[in-house]
Amino acid sequence: MIIKTLELQNFRNYDALKARFEKGINYIYGENAEGKTNILEAIYFLSLTRSFRTSDVSDLIKKGTGFARIFAEISDNNSTKRIEITFNKNGKKITINGKNVAKISELNSLINVIAFIPKNTNLLKDSPKDRRRFINIYLSKFSNNYLKILNVYEKILKERNDAFKAYNINRTLLEILTNQLVELNKQIFMFRKKFIDEINKYISDIFKEVTKKEKKLFVEYKTFINDASSIEEFIKEEFKKVEKEEYSKKQTLIGVHKDDFEIYIDDKNAGLYGSQGENRMSVLSLILSLYFLNKDDKPIVILDDILSELDHNHEKNLIDYLKTFNQVFITNTAKSEYFDGKYYYYLKDRELKEEE
Ligand SMILES: Nc1ncnc2c1ncn2[C@@H]1O[C@H](COP(=O)(O)OP(=O)(O)OP(=O)(O)O)[C@@H](O)[C@H]1O
Ligand SMILES: [Mg+2]
Numbered sequence: 050m051i052i053k054t055l056e057l058q059n060f061r062n063y064d065a066l067k068a069r070f071e072k073g074i075n076y077i078y079g080e081n082a083e084g085k086t087n088i089l090e091a092i093y094f095l096s097l098t099r100s101f102r103t104s105d106v107s108d109l110i111k112k113g114t115g116f117a118r119i120f121a122e123i124s125d126n127n128s129t130k131r132i133e134i135t136f137n138k139n140g141k142k143i144t145i146n147g148k149n150v151a152k153i154s155e156l157n158s159l160i161n162v163i164a165f166i167p168k169n170t171n172l173l174k175d176s177p178k179d180r181r182r183f184i185n186i187y188l189s190k191f192s193n194n195y196l197k198i199l200n201v202y203e204k205i206l207k208e209r210n211d212a213f214k215a216y217n218i219n220r221t222l223l224e225i226l227t228n229q230l231v232e233l234n235k236q237i238f239m240f241r242k243k244f245i246d247e248i249n250k251y252i253s254d255i256f257k258e259v260t261k262k263e264k265k266l267f268v269e270y271k272t273f274i275n276d277a278s279s280i281e282e283f284i285k286e287e288f289k290k291v292e293k294e295e296y297s298k299k300q301t302l303i304g305v306h307k308d309d310f311e312i313y314i315d316d317k318n319a320g321l322y323g324s325q326g327e328n329r330m331s332v333l334s335l336i337l338s339l340y341f342l343n344k345d346d347k348p349i350v351i352l353d354d355i356l357s358e359l360d361h362n363h364e365k366n367l368i369d370y371l372k373t374f375n376q377v378f379i380t381n382t383a384k385s386e387y388f389d390g391k392y393y394y395y396l397k398d399r400e401l402k403e404e405e
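When we follow the working numbering, the leftmost residue of the sequence shown carries the number 50, and every step to the right adds one.
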C-alpha cells in the first residue's frame with residue numbers, strides 16, 4: 050500500500066496543498082519552517098489519528114481557521130481507497146471512500162505508518178513511560194485486541210487502587226480485582242513478549258545495513274514477570290509477596306503498567322553508554338524492524354530530519370537501504386549527494402513541486 054495523493058486544507062501552515070507521491074523514496078527538502086515535518090505529521094495522522102508532536106489536535110488546525118482536513122488516496126495492487134479526516138477542536142470525522150468510519154480500528158487495516166522523528170533519538174534515555182507509549186502505539190496497530198485489553202487493564206488497575214483507599218477496605222472486591230489483574234497482566238505480557246521477540250529477529254540485521262558494523266543488537270523486555278512455565282501462577286505469587294506492602298501503601302505495586310525495555314549493542318546498554326549516534330541508530334533499527342513484522346502489507350516509513358544527523362557513510366548506507374522499502378518519506382534541508390532518485394519535492398513558498 051502506498052500514498053498516491055495527499056491533500057491538506059487548513060492543516061498547520063498549509064491553506065491548501067495538493068501533492069502526488071510515488072513508490073520508493075519521496076525525498077522532501079526545503080528550508081527550515083517551510084512545512085516539511087507538517088506533511089509527515091499529516092501522513093502519520095492518517096494512520097494513527099494522532100500527531101507525533103502534540104496531543105492537542107487544535108495545534109494542527111491552521112491558526113485563524115476552525116477546522117482542518119486531510120485527504121489521501123492510497124493504493125495497493127488491486128484498488129485505490131480515499132481516506133478523509135476532517136476535524137475541529139471538538140472532534141473528528143473519518144470517511145473511507147465517502148462512507149463514515151465508526152471505529153478508528155477500521156483505519157488500521159488500511160494504512161500503516163511507522164515513523165522516526167528527531168526526538169526518538171532519546172527514546173532509550175527518556176522515561177519508561179515514553180517507551181511504554183512507543184510499544185503501545187505500535188502494538189495496537191498490529192492488534193485491536195491488544196488495545197482493548199490495555200484499556201480494561203487501566204480500568205481495573207484504577208478500581209483496585211481506589212479499593213485500597215476506601216475507608217472500609219472490601220477484601221472480597223480486592224480479591225476479585227487481583228484475579229482480573231493477574232489475567233490481564235498475563236495477556237499484556239504475552240503480547241509484548243511476542244512483539245519484542247519478533248523485533249529481535251530483525252534489529253541486528255538492520256543495524257548492520259545502516260552502520261556496516263557487525264554488532265548484535267538485543268531488545269530486552271524489562272518486566273516483573275518471569276517467562277515461567279505457568280505465567281499465571283507466577284503472577285499470583287508475585288501479588289502475594291507484595292500483598293502486605295500494598296495494603297500499607299494503599300496502591301497496586303506491581304504490574305505491566307511498569308514495564309520497560311532496553312537495547313543492548315553487543316553487551317552494552319545503549320541508553321546508558323551509547324553515543325548519540327549509536328542511540329539514534331539503535332532506535333532507528335528498532336523502528337525499521339516494525340516494517341518487517343507485517344508480512345503482507347508493508348508500512349509506509351517516515352523519517353523526519355534524519356540525514357542531517359548522520360555522517361557521510363551512514364547517510365549513504367541508509368539511503369541505499371531505504372531503496373528496498375515500499376514507500377518512504379524523508380525530509381531534509383538539503384539534497385543528498387547519495388540520493389539519485391527521480392522524485393524530489395521542493396517546498397519553496399509552501400508549494401510542493403516535483404523537481405527533475
Ligand atoms: N496551527 C498552525 N497554524 C499556522 N502555522 C503553523 C501551525 N502549526 C505550525 N505552523 C507553522 O508551520 C511552519 C512549518 O513547520 P514545520 O515543522 O513543518 O517546518 P519544517 O519544514 O519541518 O522545518 P525544519 O526544517 O525546521 O524542521 C512553522 O513555521 C510553524 O510556525
Ligand atoms: Mg521539520
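For every residue, glycine included, the Cβ atom is placed at its ideal position computed from N, Cα and C.
All of these numbers come straight from a predicted model, not from anything done at the bench.
Around ligand 2, the residues whose beta-carbon falls short of 7 Å from at least one of its heavy atoms are 85, 86, 353, 354 and 380, given in chain order. Bounds of the alpha helix (DSSP H) holding residue 339 are 325-342.
With fewer than 16 other CB atoms across the displayed protein chains lying within 10 angstroms of its CB, residue 221 is exposed. A residue is called buried once 16 or more other Cβ atoms fall within 10 Å of its Cβ, and residue 215, having fewer, is exposed.
Relative to the non-hydrogen atoms of ligand 1, the Cβ of residue 61 comes within a distance shorter than 7 Å of at least one. Residue environment analysis places residue 316 among the exposed positions, since fewer than 16 neighbouring C-beta atoms fall within 10 angstroms of its C-beta. When the Cα atoms are used, residue 393 and residue 139 turn out to be separated by approximately 37 Å. As computed with DSSP, residue 140 is found in a beta bridge with 137.
Here the distance from the Cβ of residue 170 to the nearest heavy atom of ligand 1 is not below 7 Å.
Under the Cβ criterion (8 Å, minimum of three pairs), the region 222-241 counts as touching the region 195-212. For residue 286, the enclosing alpha helix (DSSP H) covers residues 280-298. Residue pairing for residue 66: DSSP places it in a beta bridge opposite 57. Minimum Cα-Cα distance from residue 361 among the listed residues 375, 261, 324 and 165 corresponds to 261. DSSP places residue 212 in the uninterrupted alpha helix (DSSP H) bounded by 193-214.
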